[in-house]
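*Asks:* Residues in the sequence shown are numbered consecutively from 38, following the working numbering. Note that the Cβ used here is the ideal one computed from N, Cα and C, for glycine as well.
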Amino acid sequence: MVELSKKNDQPRDINEEMKRAFIDYSMSVIMSRALPDIRDGLKPVHRRILHAMNEMGMGYEKPYKKSARVVGEVLGKYHPHGDQAVYDSLVRMAQDFSLRYPLVAGQGNFGSVDGDSAAAMRYTEAKMAKITKLMLQDIEKDTVEWRDNFDGTLKEPEVLPAILPNLLVNGSSGIAVGMATNMPPHNLSEVVDGIIRMIDYPEISTTELMDIIKGPDFPTGGIIYGRGGILSAYTTGRGSLMVRAKTSIEEGEQRNRIIVHELPYQVNKSVLLQTIAELVKEKKIEGIADLRDESDRKGMRIVIELKRDAIDDVVLNQLFEHTELQSSFGVLNLAIVKGEPKVLMLKEILQQYIEYRLEVITRRTNYDLTKAKEKIHILEGLMIALRNIDEVIKIIRQSKEVEEAKIRLMKRFSLSEIQAKSILDMRLQKLTGMEIEAVEKEYKETKELIEQLEALLADKQKILDEIKRELLDIKNRFGDERRTQIVEGEVGIDIEDLIPEQEVVVTITKDGYIKRIPTETYRTQHRGGKGLIGVRPKEEDFVVDTFITSTHDYLMFFTNHGRAYWLKGYKIPEGDRYAKGKAIINLLPRLEEGETIETAVPIHEFDDKHYLIFATKKGTIKKTVLSAYGNIRVNGIIAIKLEQGDELMGVQLSDGTKTVMIATARGQACRFNERELRPMGRATHGVIGIRLKDKKDAVVAMTVVDITGSLFTMTENGFGKRSPIDEYRMTHRGSKGVRTIVTNERNGNVVFVSQVTDDNELIITTEQGMTVRIPVRDIREQGRNTMGVRIMRVNDGDKVVSVTKVLAEPDKEKEQGESIESMPLGIVEEKTSTDEQPPEVFVKPKEQTPLKMPVPIEEESIVPEEIPLPPRKVKKIIKPKKSPVRTSKKKKQKSIRSKTPKKPTKRPGKTKKPTTVKKRKTKKQPRKKAKQKPVKTKKTKKKPVKKLKAKKKPKKRK
């Protein structure tokens, strides 16, 4: 498609025309709107506002005028754009939270850090700030170039003289076409010192300059963490600064509070408060009880009330992580230099300022010198006239016209036309003696000024000294202390420094809930105990994994899909034994649909000396160096590639010198040297580790062992055993292995296999949430191909789902369980009766060797019949004596009679508890009499009292 050019009516390609037009438009936006000039640091609209206010006489010493007058003046004379755009620019120059040194003094509502907009221009008033005079000083002395305004009727300055290094002290920000600028403000005193040092030592390095100009100084204060971003911005023109709010902790009687005194630059306070409230509501930030804003004209004060159990610094770091209390300021030093946009380093900005001030002072000096020469020329004529005053008066009186007198004076005294005119304009009061002396003195001073100005122009160093003098004057008048603090090192306080390193038990349930509990919570019990409640999950949920880690270690979570995720131990929510924990999806939000956590491995450091060994349910195994997983990503990484239908079931950490043991649900175990596994890449499939018996068989455990110690095997029905590892002969990778335990109806399938020592303890968890902690030393070693012994009593319908190996705690008191009676003299076993009778209690005497297992529970035991038990289940423990004493018939009869149902409350006082009592199958009359119990009356109550008193006599005689 083509169109005709208006100039030559020749067809032109519209694509080329569009390119040219867009380039013109882009350059117009860049030069005339968005980017500041490096010389005065102003955009055209800001420059025009200040020039218009200067022309209107709105200096700092003058009264305020309506903002609408300023906007109208700027629109009508210099800036033909929208009135709101001009007013917004005026408002920003008056905001002390936007500019480090505001250029406009405003009166009225000019906005706030809450994001409130300024009042309408008809309400607010403004004038130039006191420091703004430095931007316009000497503008009348031909120090800058002037150009026509938009309609050619007026002149406007291309740039302001700007003694103030405005680009650095106030910064600038703007978006152009294809480029943008974002320059931070700085402290005036530091910038002045930096420029002076640059003048004295032009070859100074950027790092040496940073000793003087330490970094940006934002008007809202805050804290900049680290000097790396500052150095990058100063040396390349681009960088990123991490800025945090300035906070403090106030301690109260019952709870503490976090006080926010300063915010990062350009952070909206009201939006910040709303964000914090939403995060607390979503429980992404925990520990906050109340939030309020107590800011006033004296300063900012945001109060964050904490809960009683909240850790101050932990909550504060959560706020830094999730809110704009910590924000990043991207630095891009882009400005117009000699008509072109350019990214500038710190030294270039300072050098450009010095060169511009050299030009301004040179032009100012030339202007002053010209004016001084003109003045001294006139003074010379006046002095000639005063010396010949009588003749001058005579010539003037004899002349008919002024022009005639001027010509006659020029000829008589060799004067110039300007001198002759000044003589004719001279007042008669100049003829006095004092006036003659004053003219001579003025002439002398002007002559000295001319000599100084000429010397200044002749020596560049003197001009540089003049720049230094002016800068020091600015520093003395307007310099102040730094507001933004710069902290060396990394960002803030590491949470790990605030949280003590602690060994914790981490539990994961089937429904994906996780929590951590200190290991001291679980008390040690003896083998055979039922344990105490380790977790109480919700209905139809149960524990699937339990492991030990540290609050400072990394936790690598491996899913059934073969992916790996990272989490710090302290980020797992802490709870008590009854808490259900927190959903893992809230901690690892990138889990895919159907993806569940299969195992977790605590990692202290990702190095090249350790390896991760993976095993899948179909028997595949893989070995990969640990450092391959050190690149932490939010959405996780591929840990192992899986075949279709296969799932990852276990991951172990190894140092490369151990042997690997793979166990299946059918009781087979394959032990082979780890060296048979060559290290493979991270995203690989692996090789065959063990051959399964059939399709129903699956790998249930994979552990890394050495030649010492023993191997512990646990089945789902609570049975297990210890066997020496050397009884498991070494095979090769890919074999079927050997039997590790007999799997039958009594034992069930294998659920856990791991190497143990006497220094270990086992935390065993069932599907219904029962947990017991058992010392390994209480379990004696057995042969490899054996049935095993009862390790934990499992209720009907329950089964073991998780076993965790931990180190035994030294000098730990052996406490008694809460849900079962446990004692060192015997092993308690329960047998349920077939009818509705109460459960019978079997008591086994303790063996001589503590590690020997007791007689199987199927063996006949002795239970006393004469003691009626309540209908609910009660486990009664009777301590056996070494030498049982037989009870005589009389004592037995007396014991039976004392058991009359008339007064059962007196039963303990009338019965001597035998050491062992044989079960009697006859004479159940006492039980029948209890059924025929007569109605209680006054007479029946008196009879048993008499019998009881009569029966106490033999006991007293004994």
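Output the residue ranges of the beta strand (DSSP E) runs that lie fully inside the stretch 276-330 and measure 3 residues or longer, sorted by chain position.
*Replies:* If we require 3 residues or more, the beta strand (DSSP E) runs fully inside the stretch 276-330 come out as 283-287, 294-299 and 325-330.
*Asks:* Just to confirm the assignment: which complete beta strand (DSSP E) runs, minimum length 3, are found wholly within the stretch 415-462?
*Replies:* As far as the stretch 415-462 is concerned, it has no whole beta strand (DSSP E) run of at least 3 residues.
*Asks:* Does G265 come out as helix, strand or coil in the three-state DSSP assignment?
*Replies:* Helix.
*Asks:* Classify K968 as helix, strand or coil using the three-state DSSP reduction.
*Replies:* With a pLDDT of only 43 at K968, under the threshold of 50, the placement of this residue in the model should not be trusted, and no figure is reported.
*Asks:* Using the Cα positions of T948 and N786, report the straight-line distance between them to the nearest angstrom.
*Replies:* Note that T948 scores a pLDDT of 42, beneath 50, so its modelled location is shaky and nothing firm can be said.
*Asks:* Can you give the beta carbon distance from I295 to R338, rounded, assuming they're within the 8 Å contact cut?
*Replies:* Their Cβ separation, rounded to whole angstroms, is 11 Å, which puts I295 and R338 out of contact at 8 Å.
*Asks:* From the DSSP secondary-structure annotation, give me the bridge partner or partners of E540.
*Replies:* Answer by DSSP bridge pairing, in chain order: S587.
*Asks:* To the nearest angstrom, how far is it from the Cα of M55 to the Cα of M64?
*Replies:* Taking the straight line from one Cα to the other gives about 14 Å.
*Asks:* Go ahead and label N203 buried or exposed: buried means 16 or more other beta carbons lie within 10 angstroms of its beta carbon, across all protein chains shown.
*Replies:* It is buried - the Cβ of N203 has at least 16 other Cβ atoms within 10 Å.
*Asks:* Drop a sphere of 10 angstroms on the beta-carbon of S285, count the other beta-carbons inside from all chains shown, and report buried for 16 or more, exposed for fewer.
*Replies:* Result: exposed.
*Asks:* State the CB to CB distance for the pair K836 and N754, rounded to an integer number of angstroms; the pair is presumed to be in contact (CB under 8 Å).
*Replies:* Yes, K836 and N754 are in contact; Cβ-Cβ is about 7 Å, under 8 Å.
*Asks:* Compute the distance between the beta-carbons of T752 and V775, then report whether it is under 8 Å.
*Replies:* Against a cut-off of 8 Å, the Cβ pair of V775 and T752 comes out as no contact.
*Asks:* Going by DSSP in three states, P81 sits in which element: helix, strand or coil?
*Replies:* If DSSP states are grouped into helix, strand and coil, P81 belongs with the helices.
*Asks:* Taking the continuous beta strand (DSSP E) assigned at T808, which residues delimit it?
*Replies:* Taken as a continuous stretch (DSSP letters only), the beta strand (DSSP E) holding T808 covers M807 to P812.
*Asks:* When DSSP labels each residue in this structure, what does L493 get in the three-state scheme?
*Replies:* It is helical.
*Asks:* Would you grab the beta carbon distance between G7 and T636 for me? Rounded to a whole angstrom, and I think it's under 8 Å.
*Replies:* It is not possible to answer for residue 7, since the shown part of the chain is limited to 38 through 995.
*Asks:* Please identify the residue among D153, G834 and K443 whose C-alpha is closest to the C-alpha of E804.
*Replies:* Among D153, G834 and K443, the Cα nearest to that of E804 belongs to G834.
*Asks:* Output needed for V229: all residues of its chain with C-beta closer than 8 Å, excluding positions within five of it in sequence on either side, in chain order.
*Replies:* Closer than 8 Å at Cβ, skipping near neighbours: P202, L508, L509, I511, K512 and G516.
*Asks:* Please classify E902: does DSSP put it in a helix, a strand, or coil?
*Replies:* Annotation note: pLDDT 34 at E902 (below 50); position unreliable, coordinate value reported separately. DSSP places E902 in coil when its eight states are reduced to three.
*Asks:* Under a Cβ-count criterion, where at least 16 other Cβ atoms within 10 Å of its own Cβ denotes burial, should G1003 be classed as buried or exposed?
*Replies:* Lying outside 38 to 995, the shown extent of the chain, residue 1003 is not represented and no answer is given.
*Asks:* Rounded to a whole number of angstroms, what is the C-alpha to C-alpha distance between I51 and F59?
*Replies:* If I take the Cα positions, the gap works out to 12 Å.
*Asks:* Since L27 contacts R292 with CB under 8 Å, what's their CB separation in whole angstroms?
*Replies:* This structure does not reach residue 27, given that the chain is present from 38 up to 995, and the question cannot be answered.
*Asks:* Roughly how many angstroms lie between the CA atoms of G392 and D179, to the nearest whole one?
*Replies:* Correcting the residue type first, residue 392 is Glu in the shown sequence and not Gly. Approximately 17 Å, taken between the alpha carbons.
*Asks:* Apart from the five residues on each side of it in sequence, which residues of its chain come closer than 6 Å, Cβ to Cβ, to E53?
*Replies:* Hits under 6 Å: none found.
*Asks:* Could you check which residue in E440, E525 and V397 has the C-alpha nearest to that of L501?
*Replies:* The candidate whose alpha carbon is nearest that of L501 is V397.
*Asks:* By a C-beta neighbour count over all protein chains shown, 10 Å radius and 16 as the cutoff for buried, is Q121 buried or exposed?
*Replies:* Exposed, because fewer than 16 other Cβ atoms sit within 10 Å of the Cβ of Q121.
*Asks:* Use the C-beta contact count for R394: other C-beta atoms within 10 angstroms, 16 or more gives buried, fewer gives exposed.
*Replies:* So R394 counts as buried.
*Asks:* Could you give the first and the last residue of the continuous beta strand (DSSP E) run that contains N710?
*Replies:* Element bounds for N710: Q705 to N710.
*Asks:* Can you check which of these residues, Q466, T483, D125 and V742, is closest to N710 by C-alpha distance?
*Replies:* Checking every option, the nearest Cα to that of N710 belongs to V742.
*Asks:* Tell me whether D349 is buried or exposed, calling it buried when 16 or more other Cβ atoms sit within 10 Å of its Cβ.
*Replies:* Per the 10 Å Cβ criterion, buried.
*Asks:* Figure out for me which residue from K103, R520, G119 and A142 has the closest Cα to the Cα of P256.
*Replies:* That would be R520, whose Cα lies nearest to the Cα of P256.
*Asks:* Going by beta carbon distance, what residues of the same chain come within less than 7 Å of S664, once the five residues before and after it are set aside?
*Replies:* For S664, where only same-chain residues beyond five positions count, the Cβ hits under 7 Å are F643, D644 and D645.
*Asks:* Take the Cβ of G113 as the centre, count every other Cβ of all protein chains shown within 10 Å, and call the residue buried at 16 or more, exposed below.
*Replies:* Label assigned to G113: exposed.
*Asks:* Starting from S772, trace the beta strand (DSSP E) both ways and give me its first and last residue.
*Replies:* Per DSSP, S772 belongs to no beta strand (DSSP E) and is neither H nor E.
*Asks:* From N425 to K431, what does the alpha carbon distance come to, in whole angstroms?
*Replies:* The alpha-carbon atoms of N425 and K431 are separated by roughly 10 Å.
*Asks:* In the DSSP assignment, the alpha helix (DSSP H) including E54 goes from what residue to what residue?
*Replies:* Where E54 is concerned, the enclosing alpha helix (DSSP H) stretches over I51 to V66.
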